[in-house]
Amino acid sequence: MALLEHIGRFFDPLSILIVFGGAFAIAVARSARGDVARAFAALGPMVRGDPEADAAAATRAANAVEAVAQLKGIACADRVQTAGRFLRRAAFQLSSASSPERFALWARSELAERRRRHAGAAGFWAALADAAPAMGMIGTIAGLIGMFAAMDDAARIGPPMALALLTTLYGIILSSAIAGPIAARLERLSEAEIAWQRRVLDRFEMLAHAELNGVRPALRVVS
Numbered sequence: 012m013a014l015l016e017h018i019g020r021f022f023d024p025l026s027i028l029i030v031f032g033g034a035f036a037i038a039v040a041r042s043a044r045g046d047v048a049r050a051f052a053a054l055g056p057m058v059r060g061d062p063e064a065d066a067a068a069a070t071r072a073a074n075a076v077e078a079v080a081q082l083k084g085i086a087c088a089d090r091v092q093t094a095g096r097f098l099r100r101a102a103f104q105l106s107s108a109s110s111p112e113r114f115a116l117w118a119r120s121e122l123a124e125r126r127r128r129h130a131g132a133a134g135f136w137a138a139l140a141d142a143a144p145a146m147g148m149i150g151t152i153a154g155l156i157g158m159f160a161a162m163d164d165a166a167r168i169g170p171p172m173a174l175a176l177l178t179t180l181y182g183i184i185l186s187s188a189i190a191g192p193i194a195a196r197l198e199r200l201s202e203a204e205i206a207w208q209r210r211v212l213d214r215f216e217m218l219a220h221a222e223l224n225g226v227r228p229a230l231r232v233v234s
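Sequential numbering from 12 applies to the sequence shown in my numbering.
Next up, the structure:
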């Protein structure tokens, strides 16, 4: 009970509202439509994400697609069973490509759109991390004003002093221990994901050039 009472001293609804509510409102105002939903939807993949395993699985799938394309043509590329939605879309676009240029155009557009979505999700958490210390400082200033207003009564100084200290603490926690690390991890995962997706699309583009330009290269397998 003593421990719970001690922990309870660090809980103040008004301080939480000022810091968390204010920082969230600022982050929403700075984000584009849809970015907030993406930011929270990205939390699951962020925890489960394994870029190296995803890249290895993508390489195996690309090898299978390339083998089928070499034997039967790129029109059969979408018959390869792949677990990832991105790979299925890429294989379908390859199988239905009328020219290498059309596939390359789709690939560039797809990667650009993915970068935009990833940047929006990570940007929301970065904005939250950026706004939290400022909201903590606002709460601290409000608490100091309350303290100075109650200087003639020592019994009234406690609540505004707690507000001043706790808002600073909450701002640091939200920025440095929650939102900041989330934004950084999402950015790293995005870079790793875009990298292996670009490699896969480059291989598929080479297949499209080889077949649609009438040159069939030797089968190569990338491990």
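Cβ coordinates follow ideal geometry from the N, Cα and C atoms, glycine included.
Legend entry - Anticipated Cβ contact below 8 Å, A190 with L223, distance rounded: Not confirmed; about 47 Å, so no contact.
Legend entry - Assumed close pair G169, G147 - CB separation to whole angstroms, cut-off 8 Å: Contact flag wrong, Cβ pair sits at about 19 Å.
Inset, instruction - Using three-state DSSP, classify E222 as helix, strand or coil. - result: helix
Inset, instruction - Verify whether the separation of the beta carbon atoms of L28 and L174 is less than 8 Å. - result: no
Legend entry - Beta-carbon spacing of M158, M172 below 8 Å: yes
Legend entry - Sub-8 Å separation of A153 and A34 beta-carbons: no
Legend entry - Secondary structure, alpha helix (DSSP H): runs of 4+ residues fully inside the stretch 156 to 181: none
Inset, instruction - Compare the Cα-Cα distances from K83 to each of G95, A72, S106 and report the closest residue. - result: S106
Inset, instruction - Compare the Cα-Cα distances from A36 to each of L122, A130, W136 and report the closest residue. - result: W136
Inset, instruction - Answer yes or no: do A43 and G131 have a C-beta to C-beta separation smaller than 8 Å? - result: yes
Legend entry - Status (buried if at least 16 other CB within 10 Å, exposed otherwise) for E112: exposed
Inset, instruction - State yes or no: is the C-beta of V211 within less than 8 Å of the C-beta of A108? - result: no
Legend entry - Own chain residues within Cβ distance below 7 Å of A145, not counting five before or after: none
Inset, instruction - Compare the C-alpha of I85 against each of A73, R96, P56 and name the closest. - result: A73
Legend entry - Nearest-angstrom Cα separation, counted from A80 out to C87: 6 Å
Legend entry - Beta carbon of R241 nearer than 8 Å to that of E121: A question about residue 241 goes unanswered here, because the residues of the chain that appear run from 12 up to 234.
Inset, instruction - Measure the C-alpha to C-alpha separation of T93 and G19 and round it to an integer number of angstroms. - result: 51 Å
Legend entry - Pick from A203, L185, H129 that is closest to G32, judged by C-alpha positions: L185
Legend entry - Selection from A53, A52, E63 that minimises the alpha carbon distance to E204: E63
Inset, instruction - Given a cut-off of 8 Å, decide if V91 and A69 are closer than it, judged by their beta-carbon atoms. - result: no
Inset, instruction - Mark G45 as exposed unless 16 or more other C-beta atoms lie within 10 angstroms of its C-beta, in which case mark it buried. - result: exposed
Inset, instruction - Output yes or no for whether 8 Å exceeds the beta carbon distance between V39 and V47. - result: yes
Legend entry - Residues near W207 by beta carbon distance below 7 Å, same chain, minus five either side: D65, A66, A69
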